[in-house]
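Undergrad:
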Amino acid sequence: MAEQSKQQVVTGNILQLVIKGKVVGLAQTADGRRSFGTEPVHGIGNFMPVEHVQLRYEGTVTVDRFFIRTDDLRSLGLAALGSDILDLGIVDMLVIDRITKKVLRQYVGMTMSDYTETFRANAIAGENATWRYLECKPSMSDPAGGIAAGA
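Going by our numbering, the sequence shown opens with residue 11, and the numbers climb by one from there.
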């Protein structure tokens with residue numbers, strides 16, 4: 011069996027999520043998405059687009075995790091149930107490789123967008139939170155060295 015420290019592939023069991031400086035345990039999924047607002051350019055007399063242009067940057071990150079009795083996302087100060095959304099403020103999230111200690115992604119300037127709890131018969135309860143972020147920074151070893159939002 012290969013040692014985790016020698017594996018080239020990143021797997022969920024070696025990652026750590028840190029939001030607002032707090033380790034968020036028992037997460038099942040962290041799904042970061044970017045949209046570039048890509049639109050086709052058409053002109054009068056052109057049925058086919060002549061090019062595609064990026065018009066805006068939008069990023070979201072969604073975390074699915076087991077609902078923990080003692081520290082759900084709301085009790086950690088990371089989610090809201092109502093008007094308390096106005097007190098949450100902006101947070102950052104790090105996805106860290108626990109083996110190399112490198113930050114794989116840093117989601118900066120996150121604002122809560124959606125929060126859902128799921129309670130089902132004969133199943134583990136879960137919670138899902140989506141934040142909109144301002145920019146996504148790549149790992150420190152990324153050869154591009156830039157940020158996804160293009161600074």
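We put the beta carbon where it would ideally sit given N, CA and C, even for glycine.
Quick one: measure Cβ to Cβ for Leu88 and Ala139, integer angstroms, because I've assumed they're closer than 8 Å.
TA: Walking along the sequence shown from the start, residue 88 turns up at place 78. Walking along the sequence shown from the start, residue 139 turns up at place 129. Contact between Leu88 and Ala139 holds: CB atoms are separated by about 7 Å, below the 8 Å threshold.
Undergrad: When you compare each of Asp94, Phe46, Glu61 to His52 by their alpha carbons, which one comes out closest?
TA: Walking along the sequence shown from the start, residue 52 turns up at place 42. The residue with the shortest Cα to Cα distance from His52 is Glu61.
Undergrad: Taking Lys16 as the reference, which of Asp107, Thr126, Gln116 has the closest Cα?
TA: As a working mapping, residue 16 is identified with position 6 in the sequence shown. Comparing Cα positions, the closest option is Asp107.
Undergrad: Starting from Phe76 and walking both ways along the beta strand (DSSP E), at which residues does that stretch end?
TA: Position 66 of the sequence shown, counted from the start, is the residue given in the question as residue 76. Segment 68-76, the beta strand (DSSP E) holding Phe76.
Undergrad: If distances are taken between C-alpha atoms only, which option among Leu83, Arg75, Asp102, Asp94 comes closest to Gly69?
TA: The residue you call residue 69 lines up with position 59 of the sequence shown. When only C-alpha atoms are compared, the closest one is Asp102.
Undergrad: If you reduce the DSSP assignment to three classes, tell me which class Phe22 lands in.
TA: Along the sequence shown, one-based indexing puts residue 22 at 12. Correcting the residue type first, residue 22 is Gly in the shown sequence and not Phe. Note: Gly22 maps to helix in three-state DSSP.
Undergrad: Would you mind reading off the limits of the beta strand (DSSP E) that contains Asp124?
TA: Here residue 124 is taken as the residue at index 114 of the sequence shown, counted from 1. Note, Asp124: beta strand (DSSP E), 113-128.
Undergrad: By the three-class DSSP mapping on this structure, what secondary structure does Ser93 have?
TA: Reading the sequence shown from its first residue, position 83 is the one you call residue 93. Ser93 falls in the helix class under three-state DSSP.
Undergrad: To the nearest angstrom, how far is it from the Cα of Leu36 to the Cα of Leu98?
TA: In the sequence shown, the residue the question calls residue 36 occupies position 26. In the sequence shown, the residue the question calls residue 98 occupies position 88. For Leu36 and Leu98, the distance between alpha carbons rounds to 22 Å.
Undergrad: Quick one: using the 10 Å Cβ neighbour count with 16 as the cut-off for buried, is Ala40 buried or exposed?
TA: Taking the first residue of the sequence shown as 1, we reach residue 40 at position 30. Buried, because 16 or more other Cβ atoms sit within 10 Å of the Cβ of Ala40.
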